[in-house]
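So the structure is just underneath, and the comments pick up after that.
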Amino acid sequence: MELYNGPLDVKEIFGRWLDEEAESNYGAYIPFVGTIRAEDEIEALSFDIYEPILQKWFDTWQEKAAALGAVVKMAHSIGDVPVHTSSYVSAVFSPKRRVALELIDAFVEDFKANAPIWKYDVKNGERMYAADRSTPMDGSGLLA
Amino acid sequence: MVKIEFLGPIGKAPIEMEASTLADVSNRLKADSELSSWLDKCAVALNDTMVNDLGTVLKDGDRISILPPVCGG
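Residue numbers (our numbering), protein chains in the order written: chain B, 822 to 965; chain G, 6 to 78.
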């Protein structure tokens, strides 16, 4: 798992991951790129991350992938990420395509629902929590 | 004493309190008007492990994190 301040260098990351697994005998490599869209007059999105729990969440996914003979990788931004740049990339490597196609779907969806990352719209230099697009994590409401 | 941390957009400074279970923490936080709009949608971690049981027993020095709704990517 890789965390960076600001936008991701997508080509460097995907190229490096490809090199890392070049001799691993995986038949499928499925990358996913999340790019900040220009909408609602935002200049950027901004992100807070709670790394200890994100790392545990990611470790659990690495174990799930390993059980299928696959590998998952991800990188995410911290702080401001301007429109038309990328804040999130992930990828699955697996021996055959079917496992990778299913795993990238499950991994990215669970990422959206349970990775401890908070998103803010940036307009006129001001950061506003994206409450309407955010999802309560599994188990929410315990203390209410 | 246990320490309560409020993550992400909640924007509240950490607090310390005496508590023997998460139910004690719940009672204390429910009395805090700053948190009334957050608690029903927040998840809870104890020493960086997610927890789902109000009966979870706490010990001195435990750290409890309150996690509001997320949106990575």
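By construction, the Cβ of each residue, glycine as well, lies at the ideal position given by its N, Cα and C atoms. All values reported here derive from a predicted model rather than from experimental measurement.
- Between the alpha carbons of I857/B and E21/G lies a distance of about 38 Å.
- Partner residues in the beta bridge of F11/G, as assigned by DSSP, are I71/G.
- Taking C-beta separations shorter than 6 Å and ignoring five residues to either side along the sequence, the partners of V913/B in its chain run I851, A891, V893, A921, L924, I925, following chain order.
- Under the Cβ criterion (8 Å, minimum of three pairs), the segment 23-30 of chain G counts as touching the segment 60-71 of chain G.
- Take F835/B, set aside five residues on each side of it, and the residues of its chain with a beta-carbon closer than 6 Å to its own are P852, in chain order.
- V7/G and A849/B have their C-alpha atoms some 47 Å from each other.
- Think of a sphere of 8 Å around the beta carbon of M55/G: the chain B residues whose beta carbon falls inside it are I874, M958, D959, G960, in chain order.
- As computed with DSSP, S898/B is found in a beta bridge with Y825/B.
- Taking the Cα of G66/G as reference, the smallest distance to any Cα among L12/G, F11/G, N52/G is reached at N52/G.
- Along the segment 31-45 of chain G, going in chain order, the ones with a CB nearer than 8 Å to a CB of chain B are S31, L34, K35, L44, D45.
- In terms of beta-carbon proximity, H905/B stays away from the interface with chain G, with every pair separated by 8 Å or more.
- Cβ contact annotation for S70/G (same chain, cutoff 6 Å, sequence separation greater than five): E10, L12, A50, in chain order.
- With 16 or more other Cβ atoms from the protein chains shown falling within 10 Å of its own Cβ, D901/B counts as buried.
- 8 Å or more divides the Cβ of A951/B from the Cβ of D959/B.
- The C-beta of S915/B comes no closer than 8 Å to any C-beta of chain G.
- Spanning the alpha carbons of P14/G and A48/G requires a straight line of approximately 14 Å.
- Annotated three-state conformation of I851/B is strand, per DSSP.
- For V62/G, no chain B residue has a C-beta closer than 8 Å to its own C-beta; the minimum C-beta separation is roughly 15 Å.
- DSSP lists A50/G as the bridge partner or partners of M55/G.
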